[in-house]
Ligand code: HAM
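Numbering (my numbering), first residue to last: 4 to 438.
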């Protein structure tokens with residue numbers, strides 16, 4: 004009786020070679036990029052208390068209402084959630100370990116996030132973010148620094164066709180005044196609201212502006228704008244951010260409708276968007292969240308940050324010509340005959356100690372079939388170990404990518420010969436001075 008295979012979870016992807024090599028390259032680049040701005044890595048657990056996300060992101064948001072992988076721990080009844088984003092955990096950790104006691108902190112993280120959304124291209128249930136958080140900084144310089152960082156990353160990757168949208172969400176009092184105006188406006192148009200928006204009208208009217216329902220858009224277009232409710236201080240902060248990014252040569256568009264899908268923001272919010280990825284065009288987003296520390300029970304502290312969607316940035320990188328790097332393999336070690344395996348292992352380890360990457364053939368087979376594998380592996384050199392080589396403590400070395408004859412060399416000279424072939428300094432008749 005045949006049994007059906009078990010498949011992966013919908014919306015959660017396997018990342019296979021060669022794509023995974025692009026991920027590795029990106030990750031390495033990200034670590035040096037973050038270090039270039041003095042940001043240090045932070046690792047927090049994938050699972051947090053459900054209450055953390057409810058309090059940080061907001062009860063009346065799509066993420067908390069519809070998208071969280073929340074569950075009760077069967078063993079002790081704790082209410083836990085697979086993190087849908089990284090800012091809440093980062094601030095929770097900063098409070099718990101009193102990180103700001105040592106002064107403001109520049110931190111970044113990398114990892115999987117989980118949202119139970121409808122999967123489509125660029126939108127997954129497990130996706131990955133790189134998050135950057137600057138904790139304890141109030142000045143507009145840090146908002147601008149975060150934006151400059153994004154611009155540099157796109158530049159480093161050769162990504163074009165991405166633009167910056169920016170807005171200010173004001174401070175709590177300004178938001179309260181705007182909220183009042185919004186409620187009045189939407190109440191006057193109650194009949195035109197969809198069900199979600201009607202529910203949000205009393206609980207979280209700002210979220211109506213975040214509605215993705217096309218039928219709601221004309222009404223949203225005409226709604227009172229938060230920008231018109233900013234006080235002098237907030238306006239000055241916003242202007243300073245804009246002046247700094249202008250001075251850095253970064254074009255932007257002020258988008259008064261940009262409200263973000265999480266409740267913790269105040270003042271500057273921004274998104275990097277591209278037309279190249281269809282509907283899921285936001286590759287990176289963030290802003291200031293000066294109230295979050297206090298909201299999570301910590302000492303009040305200003306902060307700002309952003310997160311980029313790794314899948315989306317990589318898709319855009321590929322659309323702009325980014326390619327997985329060829330894995331570099333120096334040696335494929337072919338061996339056959341009684342007692343060849345231990346010698347092959349020993350030689351391979353010696354080569355690796357000298358810094359070479361080596362695949363030792365596994366699975367037996369004729370020399371011919373092993374050489375086919377060697378060729379397909381992309382290795383520079385095949386090292387061949389047969390019975391006659393074993394008896395004379397030699398190996399046959401055959402260049403696979405450059406001209407040059409194969410030749411037999413003593414084990415003691417193997418590293419040197421392989422290095423010469425790699426450097427291309429091998430004489431083409433193969434009668435080098437080393438043998
Ligand atoms: P967010 O806008 O919810 O913000 O997510 C940031 C980015 O993650 C999005 O712009 C998008 O590129 C990517 N993303 C989100 N959901 C998905 C998904 N289902 N599939 C693929 N990619 C996705 C935050 O998460 C905030 N924590 C950002 C932040 C950090 N704000 C301040 N600091």
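All C-beta atoms, glycine included, are put in the ideal place defined by N, C-alpha and C.
Given the structure is predicted, the values throughout are model-derived calculations rather than measurements.
- Residue burial is scored here from C-beta neighbours: residue 156 has at least 16 other C-beta atoms within 10 angstroms and is therefore classed as buried.
- With a threshold of 16 other beta carbon atoms within 10 Å, residue 35 falls short and is exposed.
- When distances are taken from the beta-carbon of residue 120 to the heavy atoms of ligand 1, the shortest one is below 8 Å.
- Taking C-beta separations shorter than 6 Å and ignoring five residues to either side along the sequence, the partners of residue 387 in its chain run 337 and 399, following chain order.
- Within the segment 98 to 146, the complete beta strand (DSSP E) runs of at least 3 residues fall at 108 to 117 and 129 to 138.
- If you check the CB distance, residue 83 and residue 117 do not come in under 9 Å.
- By the beta-carbon neighbour count (other beta carbons within 10 angstroms, threshold 16), residue 366 is exposed.
- When DSSP reads this structure, residue 399 sits in a beta bridge with 387 and 411.
- Residue 15 sits exposed, since fewer than 16 C-beta atoms from the chains shown fall within 10 Å of its C-beta.
- In this structure, residue 182 has its CB at a distance of at least 8 Å from all heavy atoms of ligand 1.
- By the Cβ-count criterion, residue 57 is buried, with 16 or more other Cβ atoms from all chains shown falling within 10 Å of its own Cβ.
- By the CB criterion at 9 Å, residue 130 and residue 115 fall inside the cutoff.
- Non-local beta-carbon contacts of residue 335 in its own chain, meaning distances under 6 Å to residues more than five positions away in sequence, involve 362, 377, 380, 382 and 385 in chain order.
- DSSP places residue 257 in the uninterrupted beta strand (DSSP E) bounded by 255 to 257.
- Classified as buried, residue 171 has 16 or more neighbouring CB atoms from the shown chains inside 10 Å of its CB.
- Taking 9 Å as the cut-off, the Cβ atoms of residue 180 and residue 197 do not count as close.
- Within 10 angstroms of the beta-carbon of residue 169 lie 16 or more other beta-carbons, which makes it buried.
- The C-alpha of residue 251 is placed about 50 Å away from the C-alpha of residue 402.
- Within the segment 25 to 83, the complete alpha helix (DSSP H) segments of 4 residues or longer fall at 53 to 60, listed in chain order.
- The beta carbon of residue 166 sits closer than 8 Å to those of 254, 255, 256, 275, 276 and 277, all from its chain and outside the five residues before and after it, given in chain order.
- If you draw a straight line from the Cα of residue 354 to the Cα of residue 414, it comes to about 10 Å.
- DSSP places residue 171 inside the beta strand (DSSP E), whose first and last residues are 166 to 171.
- When 266, 397, 360 and 371 are compared, the shortest CA-CA separation from residue 422 is found for 360.
- Secondary structure at residue 338: strand, using DSSP grouped into helix, strand and coil.
- For residue 288, the shortest C-beta to heavy atom distance toward ligand 1 is below 8 Å.
- Its Cα nearest to that of residue 210, the residue 263 stands out among 263, 6 and 123.
- If you draw a straight line from the Cα of residue 374 to the Cα of residue 368, it is about 10 Å long.
- Excluding the 5 residues flanking it on each side, residue 234 has same chain C-beta neighbours closer than 6 Å at 177, in chain order.
- Only residues of its own chain outside the window of five on either side were considered, and among them 83, 84, 86, 91, 92 and 95 have a CB closer than 8 Å to the CB of residue 51, listed in chain order.
- Secondary-structure assignment with DSSP links residue 15 through a beta bridge to 129.
- By the Cβ rule, the segment 302 to 316 counts as touching the segment 130 to 139, because three or more pairs are nearer than 8 Å.
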